[in-house]
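Data block below; observations after.
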Amino acid sequence: MPSSPPGHRHGRGLLLLAIVASLSTAVTSVDSRWTRWNCSSLPPSPAPSPSSSSSTTNSTFWSNVVALLDALPSAAAPTGFASLSRGNGADRAFVRGICRGDTSPAHCATYLRSAALGIKSRCSSRRGAIWYDDGSTVTYPAPMMSSISYADTDESTSDEDKYRMIFHNVRVVSDKDAFAFERAYYSLIGLLTARVVNGSATPSPAPMFATGEAVYDSAVPNGTMYGLLQCMRDRTAAECDHCLQNSSQKLPRELYGNQGGVVLGYNCYLRMEIYPFYDLTLDAPPPLAPAPSAFIGQSGGFASLSRGNGTDGAFVRGLCRGDTTPAKCATYLQNAALGIQRRCNSSRRAAIWYDDGSGGAVPAPMFCFVSYADTNTSTASEDAFRQPLTRVNKQRAIRRQL
């Protein structure tokens, strides 16, 4: 494999870089801007009409790439995304560019022009490449301000699907918060993934883009985590979901306990931090139904809600242990609601049992229960369902339900 292009990284010691890729990757500062790129060293793609060489310098293919890169900023700026093509056969080129979902058109055009210049200067001898440019001068990236990629096909390759570049905050959460932090992370990222893939009633500044927050420890100053997810808009919902599911596993699996991180891929982007890094008004929830805290004090720890008509009618109910305080009940139900959205968003009905996350060998008796269905009538399978728990496997079983 050819060595990576020369690059350097200037920093303040806050972050470490982990690269998870089989392709040559480089990092650098271009005009003091935060940039990362990957110039593929692999053979040209098998489709649509492969060239006999991976080199493109002075070729018709590269001329098509350059023309598309020049046109891309203006094409993408109004909506934050564009996918363009030019040429035929082995000379056909595909270029796409994306800006963070809430980036203004003017800023988007500026960031994409910078990225286009970068990818032309660094990757002109390759049949495919990607360039990340956040448009800032900080050493740790702002949420992907722009990304540009080009290739000789508009289909994702297996190597692109596997490619990830990971950055993480070297600071770690306390041992006592580790379990709650990981649980909140998976719940939040699962919820945001569903919004990106399936859309949301919450007004979004862009398709396939979502932000959100979750509390993992209300007793500490930075006890809230913030997430931002985005997919390339030319990918299908299934491809987007696959990309985000893969990326979401990277941070806790490889960087367990770190306070935040970024995962860059060809088709999606994920970032999580314990400080706000986007406009928090984006997180404003839609007025779909009262929050748990709104009804729990008036209903004795139980509520049953419905919305929609016909085959779209949905029924949700929640229950807390009878002696649970309203404040704790609301917290447990919020966590359970996040969990069921992450784990069961492709099913017509589901249930989740949730304890207080204390991490003990034997959890306290069912702190809360949440279920949803397309009917408010119990079915025979629901009546027959039981989940036996023993002192040995009780905590493990409850986590498995999550």
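Position one of the sequence shown corresponds to residue 1 (full-length UniProt numbering), numbered consecutively onward.
Note that the Cβ used here is the ideal one computed from N, Cα and C, for glycine as well.
Can you list the alpha helix (DSSP H) stretches of 4 or more residues lying completely in the UniProt domain "Gnk2-homologous" (167 to 277), in chain order?
178 to 198 and 237 to 254
Count the other CB atoms within 10 Å of the CB of R9; is the residue buried (16 or more) or exposed (fewer)?
Low confidence applies to R9: its pLDDT is 31, below 50, so where it sits in the model is not reliable, and the reading given next is rough at best. Flag for R9 reads exposed.
First and last residue of the alpha helix (DSSP H) that includes D383?
A380 to A384
Report the rounded CA-to-CA distance for R386 versus A214, giving the unit in angstroms.
31 Å
Just to confirm my understanding: we take N345, look at its own chain, exclude 5 residues before and 5 after, and list those with CB closer than 6 Å. What are they?
A194
Can you tell me where the alpha helix (DSSP H) holding C108 begins and where it ends?
P105 to R122
Which of the three DSSP states, helix, strand or coil, is assigned to R343?
helix
Under a three-way DSSP split, which group does P141 fall into?
Note that P141 has pLDDT 46, beneath the 50 cutoff, so the model's placement of it is unreliable and no number is given.
Write down the C-beta distance between G80 and C108 rounded to the nearest angstrom, noting that I regard them as a contact closer than 8 Å.
6 Å
Bounding residues of the alpha helix (DSSP H) (the contiguous stretch that carries A351):
Here A351 belongs to no alpha helix (DSSP H); instead the beta strand (DSSP E) covers A350 to Y354.
Please classify A71: does DSSP put it in a helix, a strand, or coil?
helix
Starting from D133 and walking both ways along the beta strand (DSSP E), at which residues does that stretch end?
A129 to D133
The stretch 110 to 119 touching the stretch 65 to 73, judged by at least three CB pairs closer than 8 Å
yes
Is there at least one non-hydrogen atom of the ligand GDP closer than 7 Å to the beta-carbon of Q245?
Here there are no bound small molecules, and the ligand GDP is not part of this structure.
Kindly indicate which three-state DSSP category S371 falls into: helix, strand or coil?
strand
With H, G and I counted as helix, E and B as strand and the rest as coil, what does DSSP make of A337?
helix
For the alpha helix (DSSP H) that contains S158, what are its first and last residues?
S158 to K162
By Cβ distance below 6 Å, which residues in the same chain neighbour V197 in space, the five residues on each side in sequence not counted?
A237, C240 and D241
Could you tell me the boundaries of the beta strand (DSSP E) in which L282 lies?
It is not in any beta strand (DSSP E) - L282 carries neither H nor E in the DSSP assignment.
Please go through the same chain and pick out, in chain order, the residues whose beta-carbon is closer than 7 Å to the beta-carbon of L319, but skip the five residues on each side of it.
G301, F302, C368 and F369
Return helix, strand or coil for G80, following the three-state DSSP convention.
coil
DSSP puts S149 in a beta bridge; with which residues?
R96 and I130
Local Cβ density within 10 Å of V263, reported as buried at 16 or more and exposed below that
buried
Give me the DSSP bridge partner(s) of C329.
Per DSSP, none; premise fails for C329.
Which residue marks the beginning of the beta strand (DSSP E) containing R307, and which one marks its end?
F302 to R307
Where G87 sits in the DSSP three-state scheme
coil
Nearest CA to the CA of T211: which residue from D102, V173 and V65?
D102
May I ask you to report which of helix, strand or coil DSSP gives G310?
helix
Are the CB atoms of G261 and Y163 nearer to each other than 8 Å?
no
Write down the C-beta distance between V95 and Y150 rounded to the nearest angstrom, noting that I regard them as a contact closer than 8 Å.
4 Å
Using a Cβ-Cβ cutoff of less than 6 Å, which residues in the same chain neighbour S83 once the five nearest sequence positions on both sides are dropped?
R96 and D234
By a C-beta neighbour count over all protein chains shown, 10 Å radius and 16 as the cutoff for buried, is Y185 buried or exposed?
buried
Would you list the one or two residues that DSSP bridges to V316?
L305 and Y372
Taking 8 Å as the threshold (C-beta atoms), are E273 and I166 in contact?
no
Q387 by DSSP, collapsed to three states: which one?
coil
Would you call the CB atoms of A373 and F315 closer than 8 Å?
yes
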